[in-house]
Structure formats: C-alpha cells, structure tokens
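Okay, so the sequence shown: first residue is 2 according to my numbering, each after it adds one.
Here a beta-carbon is modelled for each residue, glycine too, at the ideal position from N, C-alpha and C.
If you're wondering where the values come from, they're calculated on a predicted model, not measured in any experiment.
To start, the structure itself, in structure tokens.
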Amino acid sequence: MEVTRREFCKRMSQTVAAAGAMTLLPRHALTAPEGRGRVVVARNDGLLAEGKVNKDLAAKIIADAVMKLTGCASAQTAWAAMFKPNDKVGIKVNCLGGKSLSPQPDVVLCLVDGLKSAGVPEANIIIWDRSGRELEIAGYRLRTDDKGLRCMGTDQLPGGGYEPQPETMGSVGGCLSKFVTTHCTAFLNVGILKDHYLAGVSVGMKNFYGAIHNPNKYHDRNCDPYVADICAHPVIKDKLRLVVCDAIRAQYNGGPAYAPQWAWKHNGLLFSRDPVAIDRIGAQII
2 MEVTRREFCK RMSQTVAAAG AMTLLPRHAL TAPEGRGRVV VARNDGLLAE
52 GKVNKDLAAK IIADAVMKLT GCASAQTAWA AMFKPNDKVG IKVNCLGGKS
102 LSPQPDVVLC LVDGLKSAGV PEANIIIWDR SGRELEIAGY RLRTDDKGLR
152 CMGTDQLPGG GYEPQPETMG SVGGCLSKFV TTHCTAFLNV GILKDHYLAG
202 VSVGMKNFYG AIHNPNKYHD RNCDPYVADI CAHPVIKDKL RLVVCDAIRA
252 QYNGGPAYAP QWAWKHNGLL FSRDPVAIDR IGAQII
C-alpha cells in the first residue's frame, strides 16, 4: 500500500523526545536539559547545491555542532573531549542506499578533519561498512593501505573479516566484524535519515546491523529487541563516542533501499552522543 508523507508523519507522531537544537538558519528549535541525551539539529539550505556538498559550510556546521554538543569553547577541544590521539577510530557508515541515500563522502571527510584536529593520525582512522562494493557504489574511494586514511569493507580485511566464533548479544547471536572487536578503540557512527519498513527508522542504531555477519536473521517483530541488543554489546556501546546522522537527503517511506518517490532534500545534519536520542529525533523529523 502506498503511504503519503502526511500519513507517514501522522503514524510517527508519537515518537516525541526532548532534544537540544541548533540551527544555522532561522527555523523551529526544540529545547532540552543538558546531559547525555542531547541532540543537536542543524539545517542550512546551502548544504547541497547542484548535487554537491558545500564542504566549507559542512565543516562549519560540524564545528559549531560539536561545540554545542560538548559545551567546549572550540571545535578542537570538543573533538579532543571525545577522541584521544591514540584512539583507533572506526567511522561506521551506512551505504546500503547507494549514492543517493548514503552518508555523503564529503561530510565524512569533514569528520575526519575533526578527528585529526584532536590529534588522531590519519593512519588511525578507518571509514568502514560491511562491503567494499557498497562503499564504492556510494561514492567512496577504497583505501586499504594502512599507511594513511583507510576506507574499506569488513569483507576486505585480510584473513576473513568476521570473528570465527559467534557472540551472544542478548537475543542476538552472530560473528562480529573485526573492525568492532580488534581494529578500533572508538566509533563514530554515521547514519542516514531514512525509513526502514520493519524497524521504523534506520538512523543510527540499526547501522550496527552492518557489524554482524547475519543481520538477515534479526528482522522479526520489527527488529525488536535485536537493534537494542546489538548496540548494548560492550564492544559497541563502550566504544561509541559520537553519532552523526546525514540528513542532507532523507526518505520517509520505502526504506532501507533508495526509493526516489519518497525521498526529499532536507539539508540537515544531526549530532548526539546518545544513539537512542538521535534515533527518536530522526523519527520525529521523518
């Protein structure tokens, strides 16, 4: 059955959460108490022009957002409050939606610059997803050389990308990506603002379905409690430092694959250190 945007928004109207908000254009702002559940929401109609990201504007939005999120006086100190120079940072992107509905590579590279400002060397930063092929289709340039910034899929790791023995994560049993278990000490989770026909939304938390070898097994009962169980595993929960949702292009129905008839240009970015809070605000926007 086809669902209109109005009908979908009505169905999602119960997903209301308090959140901090920032805008770079005069728009409606949400308010919230300080704390871990804070979400920073930024929008600017100049973010995407003629199909290209305005990198300077994206960098400014990111700098302002991390300062607001952490309460730090500069972007450099904000990044340093979340990531240490000796961290091995995995930037987990979600490229299932192809080039039209995946985190923009230029936005991710601005995040890389933020990490570098905190003293994290490029060689300690990995942009990753489950599949190198999906990364390439989404517009990322694969880099597997460990002498600089890397961008690769779990399937490209030497010797097999998943642990040989499954882990129990609440109601989930699966082999974890070695990016999660051994290659990274910290995560920057970069999702996309989109609908998921079973889970409701696929903003940030469900992005870690791409960290297990058998995500297809965990979609019953609208992915409940599987999404939460995966994200609650210590190797994910304890390493997660920041969640960013690329809301430049968004989709309100028909996800997780790209469906142009239900997509729109939102020109926004969301930031939080709380994956539940950012998912709820993403659902509210949708």
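### Query
By how many angstroms is the C-alpha of residue 99 removed from the C-alpha of residue 263?
If you draw a straight line from the Cα of residue 263 to the Cα of residue 99, it is about 15 Å long.
### Assigned secondary structure, residue 186 (DSSP; H/G/I helix, E/B strand, else coil)
Note: residue 186 maps to coil in three-state DSSP.
### Message
Give me, in chain order, the residues of the same chain whose beta-carbon lies closer than 6 Å to that of residue 295; leave out the 5 immediate sequence neighbours on both sides.
### Response
Because the chain spans 2 through 287 in this model, residue 295 falls outside it and cannot be assessed.
### Query
Alpha carbon to alpha carbon, how far is residue 218 from residue 225?
In this model, residue 218 and residue 225 are separated by some 12 Å (Cα to Cα).
#### Entry: Limits of the unbroken beta strand (DSSP E) element including residue 175
Note, residue 175: beta strand (DSSP E), 173 to 175.
### Query
What's the C-alpha gap between residue 227 and residue 284?
Spanning the two alpha carbons is a distance of roughly 18 Å.
### Query
Under 8 Å between the Cβ atoms of residue 256 and residue 195?
In this structure, residue 195 lies closer than 8 Å to residue 256 by Cβ.
### Query
Alpha carbon to alpha carbon, how far is residue 234 from residue 170?
Each residue's alpha carbon lies about 6 Å from the other.
### Task
Put residue 279 into one of helix, strand or coil per three-state DSSP.
Helix.
### Pick from 41, 179, 57, 42 that is closest to residue 48, judged by C-alpha positions
It is 57 whose Cα lies nearest to the Cα of residue 48.
### Message
Check this for me: beta carbons of residue 54 and residue 193, under 8 Å apart or not?
### Response
Remark: C-beta atoms of residue 54 and residue 193 do not approach each other more closely than 8 Å.
### Query
Assuming residue 182 contacts residue 164 under a Cβ cut-off of 8 Å, what Cβ separation, rounded to an integer in Å, is found between them?
With a Cβ gap of about 6 Å, residue 182 and residue 164 count as contacting.
### Query
From residue 39 to residue 173, what distance separates their C-alpha atoms?
Linking residue 39 to residue 173 through their CA atoms gives a straight-line distance of about 28 Å.
### Task
Give a yes or no on whether the C-beta atoms belonging to residue 90 and residue 116 are separated by under 8 Å.
Yes.
### Query
How long is the line joining the alpha carbons of residue 112 and residue 168, rounded to whole angstroms?
A straight line joining the alpha-carbon of residue 112 with that of residue 168 spans about 30 Å.
#### Entry: Euclidean distance between Cα positions of residue 67 and residue 61
In a straight line, the C-alpha of residue 67 is about 10 Å away from that of residue 61.
### Task
Can you say whether residue 265 is buried or exposed, counting buried as having 16 or more other CB atoms within 10 angstroms of its CB?
Exposed: under 16 other Cβ atoms inside 10 Å.
### Task
Return yes when the Cβ of residue 208 is within less than 8 Å of the Cβ of residue 190, no when it is not.
Cβ atoms of residue 190 and residue 208: closer than 8 Å.
### Task
Have a look at the DSSP bridge pairing and note the partners of residue 272.
Residue pairing by DSSP places residue 272 opposite 41, 245 in a beta bridge.
### Message
According to DSSP, is residue 142 part of a helix, a strand, or is it coil?
### Response
For residue 142, the secondary structure class from DSSP, reduced to helix, strand or coil, is coil.
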